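Undergrad: Next up is a structure, given as structure tokens.
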Amino acid sequence: MRGINTQTLWKIMQLLDSDQVESALADAFEALIADISADLGAIWLKNSSTSRINSIVSIGKNNISGFSIENKQGIVGEACEAKEPIFVSDISKDERFPGGKDEITGIEIKNVYFMPMIYRKETVGCVEIINLNRDELSEEDIALIHSFAGIITLFINENGYSYVADTKKKVVMSLRDITKDYPSGMEITHVLKGVDLDIYENELLVILGESGCGKTTLLNIIGGMDSPTNGEITLDGKDFSHPTEKELVNFRRNYIGFIFQSYNLMPNLTALENVKFISEICENPVDPAEAIDMVGLSSRANNYPSMMSGGQQQRVSIARALVKNPRIILADEPTAALDFSTGQEVLALIEEVISKRHTAVVMVTHNVEIAKMANRVIRVRDGKISSIRVNMWPLHASDLAW
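Residue numbers for the sequence shown follow my numbering, so the first one is 145 and each next one is one higher.
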């Protein structure tokens, strides 16, 4: 039985002798992961401005940085709250890991170790070590993880480093503690169970989740097509928790654009007339012809839906959303009925809309590949947001493949 590898500890301390805090943490963590032969690892830090924990550094073939969870959520939150390490030696036997997958990242794993980072009796974060196939960690491995957690905790605090939410982004809509209940016979079905979410200007936010998890209900509440049972909603900083019916109608007409899987075009109107019809109910619309031109369909402006392909019809649907000049566009499975090439073209158009018009696009999809082009990805599970992932390097639509 070997002792703690002092050479590795010395190397870790040398790597931490740097002014580049994030790079130093990543290099030191990589040295640890290599020494204990683990498959993956993440360093989680508490956000200094919110009640969330964020994975700031990820080592291994699966990128698990950029995830964000509530302080007490999942086993990461459990370890931080208890201020005690947690080792799950066999994920398949633990009910907290349905299907043998980590609930936050969705990765299939064998075992996982969580070591909280404690400074002056307060938890500042957590070190997570993941093995995909290896049976267990040795006592020496665990001792080294404990030493590493202590060293980087001191390093982080000595350098005054903390994870702070990006306050430069303009919040278009904010939802806090949103619940939604529906009567079901003599019982009440709790569909949403306390959702917190901010939607930022000029971003693509993708919502993932299994059928029945509550993501469609969440989309409906964002779009003003349904009202929450409880909770607070703000629009551009103004309270919108209890709108009148008139305010809701005005909101749907002027604030939100909709893109549907089934296009929802009026068959007896041309492409231009479909867009013009929507423009006539808005306060500050874009010129319909300009909206048609934005989606590259000027030559098809006088065609009826039956004369257009599925991709062209979806482009008309996007033009109808754009003509409103909306703050948020909601897209419900916009590529589900399209082939790969056409779907990719539609996603490229959505990408262009975000970059040129500073619109927020909230997209529900079952296609996890599309999530790679998102600025943020949220997973909804059992009526709650199980994780929020910030995508540091979103792909372009042209780089996607499925």
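For every residue, glycine included, the Cβ atom is placed at its ideal position computed from N, Cα and C. Keep in mind the model is a prediction, meaning the values are calculated, not measured.
Is the CB-CB distance between Leu482 and Ile514 below 8 Å?
TA: No, these two residues do not count as a Cβ contact at 8 Å.
Undergrad: Could you tell me the distance, in whole angstroms, from the CA atom of Ile251 to the CA atom of Gln488?
TA: Roughly 26 Å between the two C-alpha positions.
Undergrad: At the level of alpha carbons, what is the spacing between Leu362 and His510?
TA: Taking the straight line joining both Cα atoms gives about 15 Å.
Undergrad: So is Thr479 in contact with chain C if we call contact Cβ pairs under 8 Å?
TA: You won't find chain C in this structure, because it holds only one protein chain.
Undergrad: Along the alpha helix (DSSP H) that carries Ser318, what are the first and last residues, could you check?
TA: It is not in any alpha helix (DSSP H) - Ser318 instead sits in the beta strand (DSSP E) that spans Val315 to Ser328.
Undergrad: Distance check for Pro429 and Glu347, CA to CA, integer angstroms please.
TA: If I take the Cα positions, the gap works out to 21 Å.
Undergrad: If you follow the alpha helix (DSSP H) that Ala463 is in, where does it begin and where does it stop?
TA: From DSSP, the alpha helix (DSSP H) with Ala463 extends over Gly454 to Leu466.
Undergrad: Around the C-beta of Thr503, are 16 or more other C-beta atoms found within 10 angstroms, so that it is buried, or is it exposed?
TA: Counting Cβ neighbours within 10 Å, Thr503 comes out buried, since at least 16 surround it.
Undergrad: For a quick check, are the C-beta atoms of Val201 and Leu153 less than 8 Å apart?
TA: Cβ atoms of Val201 and Leu153: not closer than 8 Å.
Undergrad: Is Leu160 helix, strand or coil when you go by DSSP?
TA: DSSP places Leu160 in coil when its eight states are reduced to three.
Undergrad: Give the range of the beta strand (DSSP E) segment to which Thr486 is assigned.
TA: Per DSSP, Thr486 belongs to no beta strand (DSSP E); it is in the alpha helix (DSSP H), Phe484 to Arg501.
Undergrad: Would DSSP call Gly353 helix, strand or coil?
TA: In this structure, Gly353 counts as coil in the three-state DSSP scheme.
Undergrad: Name the DSSP bridge partner or partners of Cys270?
TA: Paired residues: Trp188 and Pro260.
Undergrad: Would you call the CB atoms of Ile462 and Leu493 closer than 8 Å?
TA: Yes, the Cβ-Cβ distance between Ile462 and Leu493 is below 8 Å.
Undergrad: Counting only runs that start and end within the stretch 339 to 400, where is the alpha helix (DSSP H) found for 4 or more residues in a row?
TA: With a minimum length of 4 residues, the continuous alpha helix (DSSP H) runs that stay inside the stretch 339 to 400 are 359 to 366 and 389 to 398.
Undergrad: Straight-line CA distance for Ile377 to Leu319?
TA: So the alpha carbons of these two residues sit roughly 5 Å apart.
Undergrad: For the beta strand (DSSP E) that contains Ala504, what are its first and last residues?
TA: First-last of the beta strand (DSSP E) with Ala504: Ala504 to Val508.
Undergrad: I need the straight-line Cα distance from Val220 to Phe258, nearest angstrom please.
TA: Each residue's alpha carbon lies about 7 Å from the other.
Undergrad: Quickly, what does DSSP pair Glu231 with across the bridge? List them, please.
TA: The sequence shown places Phe at residue 231, rather than the Glu named in the question. For Phe231, which the question treats as bridged, DSSP gives the partners Tyr257.
Undergrad: For Ala178 and Pro260, I'd like the C-alpha separation in whole angstroms.
TA: One C-alpha to the other measures close to 20 Å.
Undergrad: Smallest Cα separation from Ile253: which of Arg264, Lys337 and Lys237?
TA: Checked all of Arg264, Lys337 and Lys237; the closest Cα to Ile253 is Lys237.
Undergrad: Does the distance from the C-beta atom of Asn398 to that of Lys468 stay below 8 Å?
TA: Yes, they are a contact pair.
Undergrad: Measuring straight from C-alpha to C-alpha, what distance separates Ile222 and Lys216?
TA: First, the amino acid is wrong: residue 222 is Glu here, not Ile. The alpha-carbon atoms of Glu222 and Lys216 are separated by roughly 6 Å.
Undergrad: Nearest by alpha-carbon distance to Leu341: which of Pro538, Lys155, Ile522 and Trp546 is it?
TA: Ranking Pro538, Lys155, Ile522 and Trp546 by Cα distance to Leu341 puts Ile522 first.
Undergrad: In its own chain, which residues sit with a C-beta less than 6 Å from the C-beta of Met410, not counting the 5 before and 5 after it?
TA: Cβ neighbours of Met410 beyond the five flanking positions: Asn418.
Undergrad: Check whether the Cβ atoms of Ile235 and Gly244 sit closer than 8 Å, and answer yes or no.
TA: Contact: yes.
Undergrad: Which residues bound the beta strand (DSSP E) around Glu214?
TA: Segment Phe211 to Glu214, the beta strand (DSSP E) holding Glu214.
Undergrad: For the alpha helix (DSSP H) that Lys420 lies in, which residues bound it at each end?
TA: Ala415 to Ser423 is the extent of the alpha helix (DSSP H) around Lys420.
Undergrad: From the DSSP output, in three-state form, read off Leu409 for me.
TA: Note: Leu409 maps to coil in three-state DSSP.
Undergrad: In whole angstroms, what is the alpha-carbon distance linking Asp279 and Ile180?
TA: The alpha-carbon atoms of Asp279 and Ile180 are separated by roughly 13 Å.
Undergrad: Could you tell me which residues DSSP puts in a beta bridge with Glu252?
TA: Glu252 is bridged to Lys245.
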